[in-house]
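Undergrad:
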Amino acid sequence: MTPRTLLLTGATGFIGRRLAPELAGAWRVIQASRTASGAESVRLDLEDGDSIRRVFETARPAAVVHAGALALPDDCERDPGLARRVNLDAVRTLAGLCGEAGARLVHFSTDLVFDGEKGWYDEDDAASPLCVYARLKLGAEEAVLSLAPGAVILRVASVYGRPLGTRPCFIDELRQALSKGEPIAAFVDQWRSPTCGDQLPAVVLLCLADPDLEGVFHWGGAQRSSRFETALALCRAFGYDEELVRPARADDKRFLAARPRDTSLDSSRLSAALGLAPLSLEEGFARLKLKPALASRNAAAAGPGA
Ligand SMILES: NC(=O)c1ccc[n+]([C@@H]2O[C@H](COP(=O)([O-])OP(=O)(O)OC[C@H]3O[C@@H](n4cnc5c(N)ncnc54)[C@H](OP(=O)(O)O)[C@@H]3O)[C@@H](O)[C@H]2O)c1
Numbered sequence: 000m001t002p003r004t005l006l007l008t009g010a011t012g013f014i015g016r017r018l019a020p021e022l023a024g025a026w027r028v029i030q031a032s033r034t035a036s037g038a039e040s041v042r043l044d045l046e047d048g049d050s051i052r053r054v055f056e057t058a059r060p061a062a063v064v065h066a067g068a069l070a071l072p073d074d075c076e077r078d079p080g081l082a083r084r085v086n087l088d089a090v091r092t093l094a095g096l097c098g099e100a101g102a103r104l105v106h107f108s109t110d111l112v113f114d115g116e117k118g119w120y121d122e123d124d125a126a127s128p129l130c131v132y133a134r135l136k137l138g139a140e141e142a143v144l145s146l147a148p149g150a151v152i153l154r155v156a157s158v159y160g161r162p163l164g165t166r167p168c169f170i171d172e173l174r175q176a177l178s179k180g181e182p183i184a185a186f187v188d189q190w191r192s193p194t195c196g197d198q199l200p201a202v203v204l205l206c207l208a209d210p211d212l213e214g215v216f217h218w219g220g221a222q223r224s225s226r227f228e229t230a231l232a233l234c235r236a237f238g239y240d241e242e243l244v245r246p247a248r249a250d251d252k253r254f255l256a257a258r259p260r261d262t263s264l265d266s267s268r269l270s271a272a273l274g275l276a277p278l279s280l281e282e283g284f285a286r287l288k289l290k291p292a293l294a295s296r297n298a299a300a301a302g303p304g305a
């Protein structure tokens, strides 16, 4: 049987590069981004509505996974006009196309929609974004919910994984310094629930496989962890000297885009729906040491008791 077509935006991004090869087992994946090249790839400019329509109408996808975005909060703060075009207007266009064509949409969003005053947020907690990036991502969620019936919105958080392509994740810089014996500063007053990137293909595939699943869902890691605790877990996983991790306070630092204190996510709702447990930092970091294929197989296989 010919597999159905799935349009993957942001295919050259940190998350997109993890998704593309794994989704290709079940779908004919059209990889789209500004710089996409190669077989089954298409150039897409999210700033240009005509480009989005052209790509969509050529691909005629049964499903769209939207992982394209201007994904760094400080970039959005620097150029809010560009951020609006890419992170909100493009989502409206894409969600509208999905709605009209009956294509299922899986859309990536962020833990930063919360103001960080409560922590361990579930999907019923009210969002209250603090920066341009987060306000636009929340607006995009609203557009998806109103324009694309049956869509799944995945709020993920500080995604980590082994390097693929050119985009680094937050642990790359830490590992670079720690592996050379250089000290690093890590915040004791900023909490997240980092998401293991290896698990995202399984999460997306399971969401697509369940036609009844729709709405906003959280997919972080299994625990709430300060940046400091996360760095210590990284040291333990890779045998770096824990003394190199120096406590620092986010409160003492100025960021271009405001950073909420605690946006840790409670992912139990989606975990129960999919029958898949989010990985702890220890489990996720252990997978970074495995061969890529084995790591994603293990991440996918982690059941609710894992
Ligand atoms: N990574 C995280 O920790 C994290 C956390 C929370 C939420 N998210 C969300 O997850 C999604 C994916 O994030 P990511 O980390 O994978 O982002 P990323 O590594 O920065 O990748 C962004 C992708 O979007 C594409 N893109 C950017 N501007 C575009 C444009 N004008 N036209 C077409 N394509 C464009 C890029 O294409 P080119 O490579 O061709 O430029 C790239 O493929 C985003 O919605 C982000 O908000 C990510």
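In numbering that gives the first Met the number 0, the protein residues as written are 0 to 305.
Using N, Cα and C, we set each Cβ at its ideal position, and we do this for glycine too.
Keep in mind that this is a model prediction, so the values were computed, not measured.
By Cβ distance, which residues of its chain are closer than 6 Å to A376, with the 5 residues on each side in sequence left out?
TA: It is not possible to answer for residue 376, since the shown part of the chain is limited to 0 through 305.
Undergrad: Would a C-beta distance cut-off of 8 Å place P193 and C130 closer than the cut-off?
TA: Cβ atoms of P193 and C130: not closer than 8 Å.
Undergrad: If we ignore side chains and look at the alpha-carbon of each, how far apart do W218 and R16 end up?
TA: Looking at the two C-alpha atoms, the distance is approximately 18 Å.
Undergrad: Closer than 7 Å: is that where the CB of I14 sits relative to any heavy atom of ligand 1?
TA: Yes.
Undergrad: For ligand 1, any of its heavy atoms closer than 7 Å to the Cβ of V131?
TA: No, ligand 1 has no heavy atom inside 7 Å of this Cβ.
Undergrad: Would you list the one or two residues that DSSP bridges to T4?
TA: Looking at the DSSP assignment, T4 forms a beta bridge with R27.
Undergrad: Sort A31, H65 and D188 by Cα distance to E39 and report the nearest one.
TA: Closest option to E39, Cα to Cα, is A31.
Undergrad: So the alpha helix (DSSP H) I14 belongs to, where does it begin and stop?
TA: First-last for I14: undefined, no H or E at that position.
Undergrad: Cβ of G9 within 7 Å of any heavy atom in ligand 1?
TA: G9: yes, Cβ under 7 Å from ligand 1.
Undergrad: Along the chain, where does the alpha helix (DSSP H) that runs through V203 open and close?
TA: Where V203 is concerned, the enclosing alpha helix (DSSP H) stretches over L199 to A208.
Undergrad: Exposed or buried, which one is P2 when buried takes at least 16 other CB atoms within 10 Å?
TA: It counts as exposed.
Undergrad: Does the segment 253-262 touch the segment 96-106, meaning 3 or more C-beta pairs lie closer than 8 Å?
TA: Touching, no.
Undergrad: Who pairs with C195 in a beta bridge, going by DSSP?
TA: Beta-bridge pairing links C195 to Y159.
Undergrad: Does any heavy atom of ligand 1 sit closer than 7 Å to the C-beta of L146?
TA: No, ligand 1 has no heavy atom inside 7 Å of this Cβ.
Undergrad: Using a Cβ-Cβ cut-off of 8 Å (strictly less than) and excluding sequence neighbours within five positions of V41, which residues of its own chain qualify?
TA: Excluding positions up to five away in sequence, the list reads I29, Q30, A31, A35, V54, T57 and A58.
Undergrad: Give the straight-line distance between the Cα atoms of G283 and F186, rounded to the nearest whole angstrom.
TA: Using only the alpha carbons, I get a separation of about 20 Å.
Undergrad: Sorted by chain position, which residues of the same chain lie with C-beta nearer than 7 Å to D78's C-beta, five sequence neighbours on each side aside?
TA: The answer is none, since no qualifying residue turns up.
Undergrad: Where does R245 land, buried or exposed, given buried means 16+ other C-beta within 10 angstroms?
TA: Answer is exposed; the Cβ neighbour count stays below 16.
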